[in-house]
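Reviewing the structure listed below.
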Amino acid sequence: MDLETERQPRSINEIVAIIEALIFVADEPVSAKLLAEVLDEDRETIEAAVEQLQNEYQHRESGLTLREIAGGWQISTRAEFHTEVRKFLKTRPNAKLSLAALETLAVIAYKQPVTVPEILEIRGVQSASAIKTLLDKRLITAKGRKETVGRPMQYGTSKEFLLQFGLKDLSELPSIEDFEDLAGSI
Amino acid sequence: MDLETERQPRSINEIVAIIEALIFVADEPVSAKLLAEVLDEDRETIEAAVEQLQNEYQHRESGLTLREIAGGWQISTRAEFHTEVRKFLKTRPNAKLSLAALETLAVIAYKQPVTVPEILEIRGVQSASAIKTLLDKRLITAKGRKETVGRPMQYGTSKEFLLQFGLKDLSELPSIEDFEDLAGSI
Amino acid sequence: MEQIEQFSFDFQTEIPHIIRESRDEIRLQMGEFAGPLDLLLYLIKQEQANIFDIPIARITDEYLKYIRLIKSLDTSLAADFLVMAATLIEIKSKMLLPREISEAPDEEIEDPRRELVDRLLEYETYKNASQMLWTRSTVEQAIFTRGKIESDENNTEVNSNVFDLLKIFQKILAKHKEDVILKIEREEMSLAEMLKKLKAMFREREQLHLLELLREMSTRQEIILAFIAVLELVRMGNVTLLQQSIFGDVVLTKSK
């Protein structure tokens, strides 16, 4: 099965090119780990190659960009061309989340794993339909049960959340203290 | 609606970049004619820009190539990397399931241990190939025979199932009661 | 691109607010507040009050005025707004009570507004965070990923999570239920058959409780038939009806 053993060592440029091809065919962001596995190269080589590829994308005056999102690498269009892309695809901007859904999402993002009663406590209002919307949009997902009376379901954000909000991972979210400091001013 | 009229004339490099973005987001090869329409530029300008873009792709040592196919332009991976690309496509996570397999999995998850005739009765359709897929993906496993006529095999979910769906144990599967607060919205 | 949300808003232009038409008339502008805390926060800012020293009487009055405007709000949400109204009134009344002269004057007296202020601050924290999320998603909407390519052909497959399993299972069960009902309806019983069935029952025993009998029936149709059959048996003098107490069970007894 494993014919890889007899292959020639690859040059860094070749690795960069293969990585570009793989990131392109993938239908979701590709982690450096997976790239290392498929190419059977060590992690440092892959990371150096990805960095080189990203530099190339930055320096070419290109319509595309390579970015890190949801724990992996993805090629996407540059934001500045959104008017033309949208005109071409004949799409309108996505329907935005309602205020209630956004607030609920913020609570879930920062408090996860969190239960429905805990969300109610913070928002002061039933959040059932907002939670339903977020589940339907796959922005949140189940994160086990809380070991308390009734073992309520806990919710947390999903990979789709990272994708739709352009985050590498949750640690990229600004810290909640930043918003705490803003509260009560005015 | 048409705010385009007052836009600044674009530089050739900008046109090249936009064209790259449009070809990238398209589901099908994009004709020069369509590009000219969307960009509201004349055909010669577009053709010159596409040629420039193609030159760039040829001269970069890239994993991608720009090719003319079926009367339009398309970005694809370079043929020489097909081994790696194929290997990569095979490694994609196998949490993806057809709807039939997903339905069968849902029945098995919530009714386990359950036999093939019982699944047939609940789903109302033969589920043999779906069961085979689920067995192949190790999402379900045989759980002994049922002591009834014909002693049919019973199936249940596997450890791999828990892993892929992010559950600690089966009690973490969401239940209908979990959605009673969300009721009315589901 | 799927469009799910029915209403969208824009943080910069569509923040809900109240327009004061005259002294007693206020009008709600743009959508609904996301909850009672949202409304309260708005009113406090409107009054240019200090959140750490809320003029509780004035704010409560404003809040109650608004509550009257949202009578039409769906009941589950209205309840949460009313709970807050009760809380405000309670705090207001506590503030009106003369402060007892404390035994130890240095001792800090708990401000009745304290808990509310804490909740408002926590809520506002998340509200600010949600604005950040809104901005991020707006930026993200300007970025596109590649179109479909050949190797995507297995995209009929869905990436699933546990909620999909539950939803699908519920759908299957719902479909199943319909099938069962259809099957029963096809095997509809006639009045003659029901009479026969009842007579057979009375061959074996002297008495039958009506409720018990009706409970044995699996569909509305059968219950109605059984009831008519009982009346028919009474009419023909085959059984007598006896109710031992008002609202008590009715006992059918075979006539001698």
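Chains as they are written, first to last, in the numbering used here: chain F, 1 to 186; chain B, 187 to 372; chain L, 373 to 628.
All residues carry an ideal CB built from backbone N, CA and C; glycine is no exception.
Determine whether the Cβ of I19 of chain F lies closer than 9 Å to any Cβ atom of chain B.
-> yes
Flag this pair as yes or no: are the beta carbons of P299 of chain B and W259 of chain B separated by less than 9 Å?
-> no
Element boundaries [beta strand (DSSP E), containing T625 of chain L] = V622 to K626
When L:K543, L:S590 and L:Q579 are compared against M566 of chain L, the one with the closest alpha-carbon | L:S590
Under 7 Å Cβ to Cβ from P143 of chain F, same chain only, skipping five residues before and after it: list those, please.
-> It should be pointed out that residue 143 of chain F corresponds to Lys in this sequence rather than to Pro. Here the set comprises Q112, P113, Q154, Y155 and G156.
Pair within 9 Å by beta-carbon distance, A256 of chain B and S62 of chain F | no
Among all the DSSP beta bridges, which residues are the ones paired with M153 of chain F?
-> F:R145
DSSP-derived helix/strand/coil call for Q194 of chain F | Here chain F has residues from 1 to 186 only, and residue 194 of chain F is not among them.
Listed in chain order, which residues of the segment 490-510 of chain L have Cβ atoms closer than 9 Å to some Cβ of chain F?
-> R491, L492, L493, E494, Y495, E496, T497, Y498, K499, N500, A501, S502, Q503, M504, L505, W506, R508, S509 and T510
Test: L409 of chain L CB closer than 9 Å to a CB of chain F | yes
Could you run through the segment 592-624 of chain L and flag, in chain order, every residue whose CB is less than 7 Å away from some CB of chain B?
-> none
Distance, Cα to Cα, L356 of chain B vs F347 of chain B?
-> 10 Å
Which ranges does the alpha helix (DSSP H) cover as unbroken runs of at least 4 residues, wholly within the segment 66-127 of chain F, from first to last along the chain?
-> 82-89, 99-111 and 116-123
Determine whether the Cβ of V236 of chain B lies closer than 9 Å to any Cβ atom of chain F.
-> no
Would you mind stating whether S431 of chain L and L409 of chain L have Cβ atoms separated by less than 9 Å?
-> In the sequence under discussion, the amino acid at residue 431 of chain L is Ile, which differs from the Ser named in the question. It is not a contact, given that the beta carbons lie outside the stated cut-off.
Residues in the segment 299-329 of chain B with C-beta within 9 Å of chain L's C-beta atoms, listed in sequence order?
-> E307, I308, R309 and G310
Does any CB atom of chain L fall closer than 9 Å to the CB of D213 of chain B?
-> yes
So, helix, strand or coil for Q8 of chain F, using DSSP?
-> coil
Could you name each continuous beta strand (DSSP E) segment of 3 residues or more that falls completely within the segment 562-592 of chain L, going from the start of the chain to the end?
-> 579-581
Check the C-beta distance from V637 of chain L over to L597 of chain L and give it rounded, since I have them as a contact under 8 Å.
-> Since the first and last residues shown for chain L are 373 and 628, residue 637 of chain L lies out of range.
Kindly list the residues whose CB is nearer than 7 Å to the CB of L22 of chain F, restricted to its own chain and excluding five residues on each side of it in sequence; keep chain order.
-> V30, L35 and V38
Between which two residues does the alpha helix (DSSP H) containing K33 of chain F stretch?
-> A32 to L39
Exposed or buried, what is L436 of chain L when buried is set at 16 or more other beta-carbons lying within 10 Å of its beta-carbon?
-> exposed
In whole angstroms, what separates the C-alpha of V534 of chain L from that of T290 of chain B?
-> 13 Å
Check distances from the C-beta atoms of the segment 148-177 of chain F to those of chain B and list, in chain order, the residues that come in under 8 Å.
-> R151, P152 and M153
On a CA-only basis, which of B:E266, B:I294 and B:V236 is nearest R253 of chain B? Give me that one, please.
-> B:V236
DSSP three-state assignment for I515 of chain L, whether helix, strand or coil | coil
When DSSP labels each residue in this structure, what does L134 of chain F get in the three-state scheme?
-> helix
For the alpha helix (DSSP H) holding F347 of chain B, just list the boundary residues, first then last.
-> K345 to Q350
Does any CB atom of chain B fall closer than 9 Å to the CB of R145 of chain F?
-> yes
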